[in-house]
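With UniProt numbering, letter number 55 in the sequence shown gets 55, and the count goes up by one each step, no holes.
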Amino acid sequence: MTDTSIFKSLAPYHIIAYGTLLGTTFFQSFIGGVVAYKALPRPQFSQLQQRIFPIYFALQAALPAALAVTYPASSNPLGATSSISGVLAESNRYSVFFPIAGMFATGVVNMLYTGPQTTKIMRARKVQESRDGKKFWDPAPHSAEMQALNKQFGKIHGISALVNLVGFGAMLWYGVSIAARIQ
1 MTDTSIFKSL APYHIIAYGT LLGTTFFQSF IGGVVAYKAL PRPQFSQLQQ RIFPIYFALQ
61 AALPAALAVT YPASSNPLGA TSSISGVLAE SNRYSVFFPI AGMFATGVVN MLYTGPQTTK
121 IMRARKVQES RDGKKFWDPA PHSAEMQALN KQFGKIHGIS ALVNLVGFGA MLWYGVSIAA
181 RIQ
């Protein structure tokens, strides 16, 4: 008979949440987004990203919270605590708290700021395209308004990509922390 007691532990839920977060981020950042950009015409790529990013950013904010709630105590005899109190323990400040807080913060920034700002700028560019009778990606010259929108978009897109990369770095940092506990 199979021992099912592991399901009463936080550990499997923690590992599943971490794996989902790392895998989703890796795939969207380095595979799915890149392939879609190369394979789809700009309007379809833009539409796809507008549908994916709210879900993606919500996962990037929710899953680190799930990691904090499901943090399993180590099996060391000192009796480290589980869940959020374990994450907040002084001994876990650098190996657990900072990476999970970093993941959460970057997910929230992308979900609440850069994602909505990017969408707002994209909509403004669409309106400006109608006024100019020209797509934003068409060869120059562009109206001063479109140039300003393109500059804003490039800036916010760059910030979002950097925030995403910082979050991915925090995920890798935490992965090393998990690996150290498994040894």
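Even glycine gets a Cβ: it sits at the ideal position worked out from N, Cα and C. Model, not experiment: these values are computed from the prediction.
Straight-line Cα distance separating leucine 112 from serine 160: For the purposes of this step, residue 160 is taken as the residue at position 160 of the sequence shown. For the purposes of this step, residue 112 is taken as the residue at position 112 of the sequence shown. Going by the C-alpha atoms only, they are around 11 Å apart.
Three or more C-beta pairs below 8 Å linking the stretch 1-13 and the stretch 144-156: In short, these stretches do not touch, since the Cβ pair count stays below three.
Three-state secondary structure assigned by DSSP to serine 9: Within the sequence shown, the letter at position 9 stands for residue 9. When secondary structure is reduced to three states using DSSP, serine 9 falls in the coil class, being assigned neither helix nor strand.
Sufficient close CB pairs (3 or more, under 8 Å) joining the stretch 99-106 to the stretch 58-67: These segments touch.
Euclidean distance between Cα positions of valine 34 and glycine 158: Your numbering for residue 34 matches position 34 in the sequence shown. Your numbering for residue 158 matches position 158 in the sequence shown. Cα to Cα, valine 34 sits roughly 15 Å from glycine 158.
Whole-Å CB distance - arginine 125 paired with phenylalanine 136, under 8 Å assumed: For the purposes of this step, residue 125 is identified with residue 125 of the sequence shown, where counting begins at 1. For the purposes of this step, residue 136 is identified with residue 136 of the sequence shown, where counting begins at 1. 5 Å between Cβ atoms; contact.
DSSP-derived helix/strand/coil call for threonine 81: Indexing the sequence shown from 1 puts residue 81 at position 81. Threonine 81 carries a coil assignment under DSSP once its states are collapsed to helix, strand and coil.
C-alpha distance - leucine 165 paired with serine 9, whole-angstrom precision: What you label residue 165 is simply residue 165 of the sequence shown in a count that begins at 1. What you label residue 9 is simply residue 9 of the sequence shown in a count that begins at 1. Taking the straight line from one Cα to the other gives about 31 Å.
Residue span of the alpha helix (DSSP H) that contains threonine 114, given as start and end: On the sequence shown, position 114 is the one that residue 114 refers to. Taken as a continuous stretch (DSSP letters only), threonine 114 belongs to no alpha helix (DSSP H), as it is neither H nor E.
Runs of alpha helix (DSSP H) wholly within the stretch 130-165 (minimum 4 residues, chain order): Taking only runs of at least 4 residues, no alpha helix (DSSP H) segment lies wholly in the stretch 130-165.
Reduced DSSP category for leucine 40 - H, G, I as helix; E, B as strand; rest coil: As a position in the sequence shown, residue 40 is number 40, starting the count at 1. If DSSP states are grouped into helix, strand and coil, leucine 40 belongs with coil.
C-alpha gap between asparagine 92 and valine 109, whole angstroms: Position 92 of the sequence shown holds residue 92. Position 109 of the sequence shown holds residue 109. Answer to the nearest angstrom: the Cα atoms are 24 Å apart.
Unbroken alpha helix (DSSP H) run spanning isoleucine 100, endpoints: Along the sequence shown, read from residue 1 onward, the residue named residue 100 stands at position 100. From DSSP, the alpha helix (DSSP H) with isoleucine 100 extends over 98-109.
DSSP three-state assignment for threonine 2, whether helix, strand or coil: On the sequence shown, position 2 is the one that residue 2 refers to. Of the three classes helix, strand and coil, the one that applies to threonine 2 here is coil, per DSSP.
With 16 other Cβ atoms within 10 Å as the buried cut-off, status of alanine 180: Reading the sequence shown from its first residue, position 180 is the one you call residue 180. Classification of alanine 180: exposed, given that the 10 Å Cβ count is below 16.
Reference phenylalanine 104; option with closest CA among Gly32, Ala58 and Tyr94: The count along the sequence shown starts at 1 and reaches residue 104 at position 104. The option with the nearest alpha carbon to phenylalanine 104 is Ala58.
Candidates Gly169, Ile6, Gln128 and Leu22: closest to tyrosine 56 by CA position: For the purposes of this step, residue 56 is taken as the residue at position 56 of the sequence shown. Each of Gly169, Ile6, Gln128 and Leu22 was checked against the Cα of tyrosine 56, and the nearest Cα belongs to Leu22.
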